[in-house]
Amino acid sequence: MFDCDVLVIGGGIVGLSTAYALTRAAPGTRVTVLEKEHALASHQTGRNSGVIHSGIYYRPGSLKARFAVEGAAEMVKFCAEWDIPHEVTGKLVVATAREELPRLHALVQRGRENGIPVRELGPAQISEYEPRVRGLAAIHVGTTGICDYGAVSRRLAESSGARILYGAEVTLIDRRPWGVAVRTADGRVVRARVLVNCAGLHCDRIALLAGDDPGMRIVPFRGEYYELRDPSLVRGLVYPVPDPAFPFLGVHLTRGIDGGVHIGPNAVPALAREGYDWSVVRPRELAGTLAWPGSWAIARAHWRYGAGELRRSVSKRAFTEAVRRLLPVVSEADLRPADAGVRAQAVLRDGTLVDDFLIREAARTVHVLNAPSPAATASLPIGREVAKRALALL
């Protein structure tokens, strides 16, 4: 009667980590993963900066804090075990203005509460790590690293033993007391005892198809990147002091596993769930975003911040100005465009940006409704948590 025990929607790193955790926790569990693209990790997983985050930014006791700290150590171990390119580089968080110093000190305290080793630096010590970076003060976070999350995803898929169906966009979900039947755009029907929704940018739509009101909507924010023509200008990872009012970390410098240095991202509203540039507009998806009251509440509350992000999107000069706060030697000519990503940000009806991972259960279903950064870092613990909940429903 059933094609599998657990059906996972979404072939990004969270869905694949869930499949991996399911077969590790309960050998013999039959797992199928539906991926609407023709390759794994095509969206958030494959279009981020590749950073293994330390967990320093996140509220002590939150899922983000717990899972990022655990996940960072586990991700390094996983990459080493499977010979996946990775490096524990450490990173600098740099204050470039006096008003940022209290936030930097607060970050030191948060790091210590989360059990993360942090070293405070003055200007001369900043230069020891990054000779061309300038700042009033900084902290060095030694547990930050970089890896290839696409390669991690492929290894998770292979190691899980799950059946993966590609080109399988979900169009209908029929949930009954005995289980769940899912129809895909190509006419396939897959029956399972339990459904797991790891659909990322489309997780709210999948929840609604299943008959559940998620109480939130995904509002897509595009993050645009440049890369340095001369990567020797930066040795490692350099971040500004984040504004705690927003879930975005600001324009930062990231030396990737390939040796190139990415700069970004900004955060601008995307005109489609997979709107990787301004030319990609999907009217139905845009209408859904505009119809959600939370979208307008965000716009009213944060229009000044948003205006600055939009300016950096349309003006290379403005983007370069933001970079020059950290790296004064950079000019517009030193930057060339790189691929953008889109962040799936859950927003409540009142405009609250959900600031933690959000996992909810319903009848025979587990929904992952907010898993933006640092979800790739935290994917192994997230997968175990989701798998535990799914197995309890079998």
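Residue 376 in this note's numbering sits at position 392 of the sequence shown, and the numbers go up by one each step.
Backbone N, C-alpha and C fix where the C-beta goes; we use that ideal spot for every residue, glycine too.
Query	Result
Should the stretch 60 to 67 be called in touch with the stretch 146 to 159, which here means at least 3 C-beta pairs below 8 angstroms?	no
How many angstroms separate the CA atom of E293 from the CA atom of S363?	28 angstroms
Provide the residue span of the beta strand (DSSP E) that contains D158, from first to last.	154 to 160
Apart from the five residues just before and just after G106, which ones in its own chain have a Cβ nearer than 7 angstroms to its Cβ?	A121
Whole angstroms is fine: what's the gap from L85's alpha carbon to I247's?	23 angstroms
Please say whether V72 and I123 have beta carbons closer to each other than 7 angstroms?	no
Quick one: measure Cβ to Cβ for A360 and Y133, integer angstroms, because I've assumed they're closer than 8 angstroms.	5 angstroms
With G240 and G34 assumed to form a contact (beta carbons below 8 angstroms), what rounded beta-carbon distance in angstroms separates them?	5 angstroms
Measuring straight from C-alpha to C-alpha, what distance separates E112 and I40?	22 angstroms
Can you tell me the Cα-Cα spacing of T2 and V(-8), whole angstroms?	8 angstroms
Enumerated in chain order, which unbroken segments of the alpha helix (DSSP H) with a length of 4 residues or greater are wholly contained in the stretch 160 to 234?	187 to 193
Residue range of the beta strand (DSSP E) that L353 falls in?	349 to 354
Please give the ranges of any beta strand (DSSP E) in the stretch 34 to 120, keeping only runs that are unbroken, at least 3 residues long and fully inside the region.	70 to 72, 75 to 79, 102 to 105
Could you pull the DSSP bridge partners for A360 from this structure?	Note: A360 sits in no beta bridge, so no partner.
Measure the C-alpha to C-alpha separation of E269 and S279 and round it to an integer number of angstroms.	13 angstroms
Is A281 helix, strand or coil when you go by DSSP?	helix
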